[in-house]
Amino acid sequence: MSEIYNLTLCQIIEKIKSKEISCEEVTKSFVNRAGKSKKLNCYIEDTFDQALKKSKDQDNKFESDKKLFGAPIAVKDLFCTKGVQTTASSKMLEGFKPEYESTVTSKIWNEGANLLGKLNCDEYAMGSSNETSHFGNVINPYKNDKDLVPGGSSGGSASAVAACLTSATVGTDTGGSIRQPASFTGTVGLKPTYGRCSRWGIVAFASSLDQAGPMTKDVKDSALLLEVIAGHDDKDSTSAQNKVEPFSQKLKKDIKGLKIGIPKEYKIDGISKEILNLWEKGVEVVKSLGCDVKEISLPHTRYALPTYYIIAPAEASSNLARYDGVRYGFRAEGKDLIEMYENTRSLGFGDEVKRRILIGTYVLSSGYYDAYYLKAQRVRRLIKNDFDEAFKKIDTILTPTTPSSAFAIGENIDDPIAMYLNDVLTVPANLAGLPAISIPAGYDQNNLPLGLQLIGKPFDEHTVLNNAFAIEQSINFKSNFKDWWM
Amino acid sequence: MTITKNTVKKISKLSRIATNEKFEKNMIKDLNSILKFIEQLNEVKTDNVEPLASTVDQELIKREDKVSLMNKKKDILSNSPADNENFYVVPKVIE
Amino acid sequence: MSEKQFDYYLKGEKGEYEVVIGLEVHAQVLSKSKLFSPSETKFGSEPNSQVSLVDAAMPGMLPVINKFCIEQAVKTGLGLNAQINSFSKFDRKNYFYADLPQGYQISQFKYPIVGEGKVILDMPYGTKEVGIERLHLEQDAGKSMHDQDPNNSYVDLNRSGIALMEIVSKPDLRSPSQVGEYIKKLRSIMRYLNTCDGNMEQGSLRADVNVSVRKKGSKEFGTRCEIKNVNSIKFMQQAIEYEARRQIDVIEDGKNIDQETRLFDTKKQETRSMRSKEDAHDYRYFPDPDLLPLQLEEGYIENLKKDLPELPDQKKQRLISDFKLSSYEASVIISDQAVSSYYEEVAKNSDYKLAATWLMGELFATLNKEGKEISESPVSAKNLAQMINLIKDGTISGKIAKTVFEEMVKHDGDPSKIVEEKGLKQTSDPNEIENTIDKILSSNQDKVQQYKSGKEKLFGFFVGQVMKEMKGKGNPRMINDILKNKLK
Ligand SMILES: [Mg+2]
Ligand SMILES: [Zn+2]
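Just so you know, the protein sequences line up as chains A, B and C, in that order.
The numbers in my numbering rise by one with no breaks, and the one at position 400 of the first sequence is 400.
The numbers in my numbering rise by one with no breaks, and the one at position 44 of the second sequence is 44.
The numbers in my numbering rise by one with no breaks, and the one at position 479 of the third sequence is 479.
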């Protein structure tokens, strides 16, 4: 048997339940490996000691009905965890210990998983490379001659899953923050339908776009974790009432007859040849699985990113107003209240966060609201209409996840627009509120993983997962990095 | 539209973010390139298009008028960078 | 009364000015829990003891709306004869302040829950209609205290997130007394509906007062100033008087009024510009992405309308037709729901006209003197009704009744017993009255002569003398009748 940490979440739980391995052994395996992987900088804070203690207790008090029993799980540091520091990777929240637990993470612990720690991400989830974190950049376990970014904002989560430093994790996706890092690290990232998972207790970035989702080694793990974290929550007014299916049990690889759309507008300028080849490979795979592949048109695709970069900063500028140094977190001195605010927010936020707050403030300010914010909301409607129209004829949409593979640390940091372009293929699903998954589908010439994205109809995660599962089984992707950092 | 030094000062003030020469200089450059990028939307015809604020298509959830939470002030003040056991304390406000 | 004319014009060097006033009233919704969180709304609790994670704007917290607050707003809207909007939205009003934890207030900007309505005021010169522009729901802020520490301000978030109804009037008010009547009317409507307790000392009802002036006869509005958060009718009136005068002086100096936010200093009795609001004018309203639009079904509004209690204006009409009250009497009585209930109880069990006279006369005077509300009245409605019945059936005279009433005030006694014990019963024995009259007439022969030769004014003198002789207990009507006969 290979090491425990190499197993998938489902395999681990199965082995725990059949008493092949103990909860403690499992936790130890991940704790040891994570302890030796500090160089990747995935963890902001670990709770290894509590996890080990709890896993021992679990071995003594076996609860076999729990879906995640004994699984050690670290989460993105955007989820508030009771009594455990929650920072959103910002200096602003350094030392903040919430008195409460987010709905999504509560559901995970209720199913018997143990918190392993809090994973690094871009500051307030704003970034596509995990370089904006106050706690330093995360490193991708895949590497060429340089250290590479893991993608972002859930970069710590993606690297941690890829490098086997947690059995699985949950991230958040506002414009691609689960799928893009999944693609960069050869892992599976699912952004559910907006409203599927409660946002309660997750540090907000852009409320109408934020959605939590599983980040896992494979599709089956993704399905299992989704069925745990999904569901209506009375504490979130935007959370959906739709029924949650047992996704992991209903998973099947026979997708014969599924109608899959290929949006011609996703062949954006500057997309690499290798990405196009990967896409072509994906099309061949689904054809061979008996799917009916059609070209479709999503005419407003090219406006998705500009739309996103109005709406998300606008909402963020307001969501981040609460970080004012009064009730929690960082406070800088000031001779009066206003000066205290200004110093606190100037020193507490990093540059990217400040950029987005300022642009968000600008597009909402009087005289500009109609021209920018309202305009963006109208275009958002058109983007959603495109999908509604397309989904009358097809079941899922197949695209690449990212326009390129992982890039070197520092490569894009000085050019915000170049950085934003990372999300060009993922953002439309957020704007339309649709479920979308990224699965690893191959390598580029530098031996870096590349992902394919499947977008589904609202609340049709079931079909998206089946489709992903079938492709995954057919492609049989295997991670191939060496443990160079140890 | 162009973002000038005055714009940066104004929106920084509205956002309660202290500025300095260097910050302003960087922001003028960055914000203008973002602005140019988002202004691509001007190409899109949106007459008679209803703005879309949320993709959620359901009724607003409402709760009953019940008191279900009683906090102790120490809980609510526990994370505060400055308090005096009864109140949050902030530098003097001049009205 | 109705001949009186509206005459609130202020004189300047260069002519007369009219004052134009619009109010933004903030009325605290009567509810157990807050607008978007389940914490309590009680007044006067320990600081920061009614603060949920939502009210303190902890990271990741989300608002969930209180159903009852929506109902309260709709009812109030119906009470203001206003349009109820079946579609409304919550917006964020963004600004920074120590007592505003989220950095924004959830309010309704573009689509309020209640649209246009109107309120009728009874002024001494007739009725005055005041337009309502809108009513919307919003969160209250916390409370900052600036006077407890030389270097710091203290923040209490107990009030943070409590539901407020902001009721915006049209700029229809023209004098401090109209403003006073308007506030009283709103308060009375909301008290009838039980949607706001109207307690101004506790801050449940306060207003931003928009004031401008213009030359008498002018049709254009002047530039207005907004006086923030005034919490008593008296202060509103004082603030308006000061502010109008100040604006007239500025105009007559040939200068322009700056549109600005001002504060009324109750000690100095003057308004001054608010520094803290200088750059707060760009609120960057946008729809709150944490909430969905609020949709009300037609049936829901209809049901609330059906169950609406009788409102002050309706009650006034009913009192006028049922009890033949004058418009003035009726409007005084209905201004307070407790007063009107008291009145109705007395009127139903005695004589409605006398009930109004006694209530608005002796009882109001007593309450005023003792600083009491009608609910604390030393005389119960039952006993007052009984006393009025004693007048009606001739047991006591109206004059004696005053003595009885004074006794009742002391210990809410049963009026019949008081009459009995104090021997205050009226004499209606015709023989006794006739004897007394004879006695008075014979000892005043000269006056009798004068009367008979035309000095009819002396009739009152004879009545008085007889009454005096009978120690006030003679039946006044019989004295009148018999005396008239004798003097023929
Ligand atoms: Mg106002
Ligand atoms: Zn207001």
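By construction, the Cβ of each residue, glycine as well, lies at the ideal position given by its N, Cα and C atoms.
Computed from a prediction, not measured in an experiment: that's the story for all the values here.
Give a yes or no on whether the C-beta atoms belonging to residue i and residue j are separated by under 9 Å.
i         : j         : result
Tyr100(A) : Leu320(A) : no
Ala432(A) : Thr55(B)  : yes
Ile359(A) : Ser318(A) : no
Thr166(A) : Ile73(A)  : yes
Leu305(A) : Asp423(A) : yes
Asp324(A) : Arg345(A) : yes
Ser153(C) : Ala141(C) : no
Gln139(C) : Ser107(C) : yes
Leu148(A) : Ala408(A) : yes
Asp208(C) : Glu226(C) : yes
Asn140(A) : Glu131(A) : no
Less than 7 Å between C-beta atoms, sequence neighbours within five positions excluded: which residues of the same chain meet that for residue i?
i         : result
His300(A) : Val379, Leu382, Ile383 and Asp386
Phe330(A) : Lys91, Met92, Glu94, Thr344 and Gly348
Ser133(A) : Ser89, Asn120, Cys121, Asp122 and Glu123
Just to make sure I have the definition right: I need the residues of chain C whose C-beta is within less than 7 Å of the C-beta of residue i. Which are they?
i        : result
Ser68(B) : Pro38
Ile76(B) : Asn48, Val51 and Ala56
Ser54(B) : Pro289 and Leu292
Asn86(B) : Pro47 and Asn48
Ordered along the chain, which non-local residues of its own chain (more than five positions away) have a Cβ less than 6 Å from that of residue i?
i        : result
Thr8(A)  : Lys217, Asp218 and Asp221
Asn48(B) : none
Who are the near neighbours of residue i in its chain, counting only those whose CB is closer than 8 Å to its CB and skipping five residues on each side?
i         : result
Lys294(A) : Lys259, Ile260, Gly261, Ile262, Lys393 and Ile394
Ser569(A) : Outside the displayed span of chain A (1 to 486) sits residue 569(A), for which this structure offers no information.
Val90(B)  : Ala82
Gln269(C) : Gln238 and Tyr242
Can you tell me where the alpha helix (DSSP H) holding residue i begins and where it ends?
i         : result
Pro416(A) : Pro416 to Tyr420
Arg318(C) : Pro312 to Phe323
Ile16(A)  : Leu9 to Lys17
Cys23(A)  : Cys23 to Gly35
Glu492(C) : Not covered by the structure: residue 492(C). The range shown for chain C is 1 to 488.
Lys369(C) : Phe364 to Glu370
Gln453(A) : Taken as a continuous stretch (DSSP letters only), Gln453(A) belongs to no alpha helix (DSSP H), being part of the beta strand (DSSP E) at Pro449 to Gly456.
Lys267(C) : Note, Lys267(C): premise wrong, no alpha helix (DSSP H); not H, not E.
Which residues bound the beta strand (DSSP E) around residue i?
i         : result
Thr169(A) : Thr169 to Asp173
Gln139(C) : Gly126 to Gln139
Phe462(C) : Not the beta strand (DSSP E): Phe462(C) falls in the alpha helix (DSSP H), residues Leu458 to Glu469.
Please list the partners that residue i has in chain C, where partner means a Cβ-to-Cβ separation under 9 Å.
i         : result
Thr238(A) : Leu62, Pro289, Asp290, Leu291 and Leu292
Trp109(A) : Here the premise fails: no neighbours, minimum Cβ distance about 16 Å.
Starting from the beta carbon of residue i, find every residue of chain B whose beta carbon is closer than 8 Å, and list them in chain order.
i         : result
Ile70(C)  : Lys62
Thr361(A) : Ile11, Leu14 and Ser15
Phe96(C)  : Arg16
Lys65(C)  : For the record, residue 65(C) in the displayed sequence is Ile; it is not Lys. Neighbours of Ile65(C) on chain B, chain order: Leu60, Ile61, Lys62 and Arg63.
Lys384(A) : Leu52 and Thr55
So residue i contacts chain A; which residues on that side make the cut at Cβ distance below 8 Å?
i         : result
Ile28(B)  : Those within 8 Å of Ile28(B) in chain A number zero; the least Cβ separation is about 11 Å.
Ser153(C) : Leu337
Glu50(B)  : Arg378 and Arg381
Chain A partners of residue i, CB-CB under 7 Å?
i         : result
Asp282(C) : Ser365 and Ser366
Tyr104(C) : Ser318 and Ala321
Phe37(B)  : Pro306, Tyr309 and Ile417
Pro101(C) : Arg322 and Arg327
Lys32(B)  : First, the residue type needs correcting, since residue 32(B) is Asn and not Lys in the sequence shown. Near Asn32(B) there are no residues of chain A at all, since even the closest Cβ is about 10 Å away, more than 7 Å.
Taking Cβ-Cβ distances shorter than 8 Å, what residues in chain C pair up with residue i?
i        : result
Lys5(B)  : Near Lys5(B) there are no residues of chain C at all, since even the closest Cβ is about 17 Å away, more than 8 Å.
Pro91(B) : Asn151, Asn152 and Ser153
Using the beta-carbon of each residue, which ones in chain B are nearer than 7 Å to residue i?
i         : result
Gln241(A) : Gln58
Just to make sure I have the definition right: I need the residues of chain B whose C-beta is within less than 9 Å of the C-beta of residue i. Which are they?
i         : result
His146(C) : Lys92, Val93, Ile94 and Glu95
### Contiguous beta strand (DSSP E) assignments of at least 3 residues, all confined to the segment 8-93 of chain B
With a minimum length of 3 residues, the continuous beta strand (DSSP E) runs that stay inside the segment 8-93 of chain B are 88-91.
### Task
Please list the segments of the alpha helix (DSSP H) lying wholly inside the segment 310-369 of chain A, counting only runs of 4 or more residues, in order along the chain.
Complete alpha helix (DSSP H) runs here, min 4: 337-348 and 351-364.
### Message
Suppose only complete runs of 3+ residues qualify. What are the beta strand (DSSP E) ranges in the segment 26-114 of chain C, listed by chain order?
### Response
91-94 and 104-107
#### Entry: Whole runs of the alpha helix (DSSP H) within the segment 144-211 of chain C, excluding any shorter than 4 residues
176-193
### alpha helix (DSSP H) runs contained entirely in the segment 237-320 of chain A, provided each spans 4 or more residues
273-288 and 304-319
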